[in-house]
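Visitor:
Numbering (this note's numbering), first residue to last: 3 to 286.
1) I'd like to confirm the pairing. Which residues does DSSP put opposite residue 159 in its beta bridges?
2) Starting from residue 211 and walking both ways along the beta strand (DSSP E), at which residues does that stretch end?
3) For residue 237 and residue 225, what's the separation of their Cα atoms in angstroms?
4) Residue 89: which of 182, 150, 153 and 36 sits nearest, CA to CA?
5) Give the single residue among 152, 209 and 179 whose Cα lies nearest to the Cα of residue 138.
6) I'd like to know whether the C-beta atoms of residue 27 and residue 94 end up nearer to each other than 7 Å.
7) Pop quiz: residue 122 and residue 140 are said to be a contact at Cβ under 8 Å. What is the actual Cβ separation, rounded to whole angstroms?
8) Grab me the residues of residue 70's own chain with a C-beta within less than 6 Å of its C-beta, minus the 5 sequence neighbours each way, in chain order.
9) Could you name the residues that DSSP lists as bridge partners for residue 29?
10) Reducing DSSP to helix, strand and coil, say where residue 146 ends up.
11) Here's the rule I'm using: 16 or more other beta-carbon atoms within 10 Å means buried, otherwise exposed. How should residue 30 be labelled?
12) Distance check for residue 96 and residue 59, CA to CA, integer angstroms please.
13) For residue 130, count neighbouring Cβ atoms within 10 angstroms of its own Cβ and tell me buried if that reaches 16, exposed if not.
14) So residue 171 is in the beta strand (DSSP E); what residue range does that whole segment cover?
15) Checking the sheet assignment: what are the DSSP bridge partners for residue 234?
16) Based on Cα-Cα distance, which residue from 87, 51, 176 and 173 lies nearest to residue 2?
17) Tell me whether the stretch 167 to 176 and the stretch 103 to 115 touch, counting them as touching only if at least three CB pairs, one residue from each stretch, are closer than 8 Å.
18) Thinking just about the alpha-carbon of each residue, which of 148, 239, 235 and 73 is nearest to the one in residue 167?
19) Tell me which same chain residues have a C-beta within less than 6 Å of the C-beta of residue 260, skipping the five on either side of it?
20) Expressed to the nearest angstrom, what Euclidean distance is found between the alpha-carbon atoms of residue 203 and residue 98?
21) Determine whether the beta carbon atoms of residue 197 and residue 124 lie at a separation below 7 Å.
22) Going straight from the alpha carbon of residue 132 to that of residue 182, what length do you get?
23) Pick out whichever of 49, 156, 195 and 135 has its Cα sitting closest to the Cα of residue 150.
24) Put residue 183 into one of helix, strand or coil per three-state DSSP.
25) Using C-beta distances below 8 Å, list every residue in its chain close to residue 118, excluding the 5 sequence neighbours before and after it, in chain order.
26) Roughly how many angstroms separate the alpha carbons of residue 217 and residue 209, rounded to a whole number?
Below, the structure is given as structure tokens:
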């Protein structure tokens, strides 16, 4: 898919182009693509757009790469394979009614893997707390670079220049929880800004709010102690309800002596069986 000149740029400066929404250009899965990989460029316009055009910057002039015809809000352009010829600075525009829209903002596609990977390290450890400053070092043992870039998925790519050409420092901070993630770095030359080295080995940074964790732990401990106390009270209450209801000692003094009354009645009943009327009866 070699770039080629276009002949319709005169239409791009229409007086009505300012009335159209500016298209939005993006790349998926990323704008940093391995050598021989593929990338999908998305150009978002309007539902009334019937023609989209993808352009690449060459010799200070944007030239047509591909066109796509059809009424659609988003046009997809696939670049495969990714190499030094397809890496570069892209923009897109769409045609609506009789006019072209203004171009989108620039999208820079980078190809990686042309040079050996650098080494990424940090002097602050892999765990940080909010408010700290973290320093990363990206270094190359053999290849001399005049540019280094630090990258994190979902975050901005940082680039640095240093005269030493073998190492550069990246200072991040004050950090917050959003700085957590996996970082890699690349080396490249300013004369070929869209051709980078292979990525360094990944380094994970974890930003943790220890103060918040301490409060959370304390709250869990308090809740646990309260739960144990509640269980103990419930156990005591259950034991009192299910256990035998014995009278207190002072209450027993007011109760009649049931055993004595029973013995007395038994005695009276026994004596009542030997009246004098039966003395003449014979058992023989």
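Ideal Cβ placement from N, Cα and C applies to all residues, glycine included.
Guide: Quick answer:
1) Answer is none; residue 159 lacks a bridge partner.
2) Premise fails: residue 211 is in no beta strand (DSSP E) and is neither H nor E.
3) Near 18 Å, if we compare the C-alpha coordinates of residue 225 and residue 237.
4) 36
5) 152
6) yes
7) 5 Å
8) Taken in chain order, the residues that qualify are 54 and 77.
9) 43
10) coil
11) By the neighbour-count definition (other C-beta atoms within 10 Å, threshold 16), residue 30 is an exposed residue.
12) For residue 59 and residue 96, the distance between alpha carbons rounds to 17 Å.
13) buried
14) 169 to 174
15) In the DSSP output, where bridge partners are listed per residue, residue 234 has none listed.
16) Here the chain comprises residues numbered 3 to 286, so residue 2 is not present and cannot be evaluated.
17) no
18) 148
19) Note that residue 260 scores 45 on pLDDT, short of 50, meaning its location in the model is unreliable; the coordinates nonetheless yield the value given after this. Around residue 260: no qualifying Cβ.
20) 46 Å
21) no
22) 10 Å
23) In terms of CA proximity to residue 150, 195 leads the group 49, 156, 195 and 135.
24) strand
25) Sequence-distant partners of residue 118 (beyond 5 residues in either direction) whose C-beta falls short of 8 Å from its own C-beta, in its chain, are 142, 144, 145, 199 and 200.
26) Note that residue 217 scores a pLDDT of 48, beneath 50, so its modelled location is shaky and nothing firm can be said.
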